[in-house]
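*Asks:* Please see the structure below; I have some questions.
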Amino acid sequence: MGARTLGMLIACLYMVALLAIWVDQGSRTTFALEPDGRSSADAGDHFQIALETALAALKHDSTAKESITEGVISGRLTLLEGAARFLALHAQRPANSYCAPQTGLFPGGSEGERLCWEIIQWVEMDLREDPRRDRVVGRLVMELHEILARHGTVRLPEDAPVLLRHRQDP
């Protein structure tokens with residue numbers, strides 16, 4: 054299973070959890086997304102729109118993160134460049150609490166370090182059955198440790214483009 058498939062599986066599980074919360078809220082007259090003065094029907098529509106927006110954002114993220122991950126694996130992007138692109142991708146998400154990036158799930162003393170670990174996880178997933186996996190992951194972990202030893206923290210390059218053009222093979 055590639056990183057994209059696993060990313061989509063995670064997105065689907067996330068959406069199922071959100072749907073379960075919505076169903077649980079169905080018998081109540083108000084819930085977290087309902088602003089004062091809205092009817093329950095309006096709140097339900099608002100929640101459905103929020104879920105659809107989150108799913109679309111997660112699908113877009115999965116595709117973009119797969120492209121970024123391929124760039125890091127091939128060496129066309131450094132770990133820091135890939136992490137900066139993940140950060141730029143997260144910044145493009147809609148203002149919706151269900152679209153909030155979950156970088157807190159990764160270890161690290163800074164957002165940059167957590168994004169580096171997120172990239173490393175994507176690489177591990179993408180290369181799960183690839184013989185290059187240990188070598189590539191080892192290179193990235195060593196790159197991260199060298200950055201931390203040199204600077205004490207991870208500083209990401211600014212203004213990173215999100216999309217990575219695929220190299221045209223002759």
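Going by the numbering used here, the final residue of the sequence shown carries number 223, and the count climbs one at a time with no gaps.
Just so you know, even glycine gets a beta-carbon here, dropped at the ideal spot from N, CA and C.
Could you tell me which of Asp183, Arg186 and Gly165 sits nearest to Leu197, measuring between CA atoms?
*Replies:* Working through the sequence shown from its first residue, we reach residue 197 at position 144. Taking only the C-alpha atoms, the option nearest Leu197 is Gly165.
*Asks:* Are Val194 and Val125 touching if we call contact CB-CB under 8 Å?
*Replies:* Here residue 194 refers to the residue found at position 141 of the sequence shown. Here residue 125 refers to the residue found at position 72 of the sequence shown. Result no, Cβ atoms of Val194 and Val125 do not sit closer than 8 Å.
*Asks:* Does DSSP classify Arg185 as helix, strand or coil?
*Replies:* Along the sequence shown, one-based indexing puts residue 185 at 132. Coil, per DSSP.
*Asks:* Out of Asp212, Arg203, Leu140 and Leu132, point me to the one whose CA is closest to Val189's CA.
*Replies:* In the sequence shown, counting from the first residue as 1, residue 189 sits at position 136. If we check each option's Cα against that of Val189, Leu132 comes out closest.
*Asks:* If you count every other CB in all the chains shown that lies within 10 Å of the CB of Ile102, and 16 or more means buried, which is it?
*Replies:* Locating residue 102 in the sequence shown gives position 49, where the first residue counts as 1. Ile102 comes out exposed.
*Asks:* By a C-beta neighbour count over all protein chains shown, 10 Å radius and 16 as the cutoff for buried, is Leu180 buried or exposed?
*Replies:* In the sequence shown, residue 180 corresponds to position 127, counting from 1. Flag for Leu180 reads buried.
*Asks:* Count the other CB atoms, across all protein chains shown, that sit within 10 Å of the CB of Gly128; report buried if there are 16 or more and exposed otherwise.
*Replies:* On the sequence shown, position 75 is the one that residue 128 refers to. By the neighbour-count rule (16 or more Cβ atoms within 10 Å), Gly128 is not buried but exposed.
*Asks:* Do you know whose CA, among Glu211, Ala107 and Pro160, lies nearest Ala148's CA?
*Replies:* Numbered from 1 along the sequence shown, position 95 holds the residue referred to as residue 148. The option with the nearest alpha carbon to Ala148 is Ala107.
*Asks:* Would you mind sorting Thr206 into buried or exposed? The rule is 16 or more other CB atoms within 10 Å of its CB.
*Replies:* Mapped onto the sequence shown, residue 206 falls at position 153. That one is exposed.
*Asks:* Rounded to whole angstroms, how far is the Cβ of Leu168 from the Cβ of Leu140, which I believe are closer than 8 Å?
*Replies:* The sequence position of residue 168 within the sequence shown is 115, counting from 1. The sequence position of residue 140 within the sequence shown is 87, counting from 1. Confirmed, about 6 Å.
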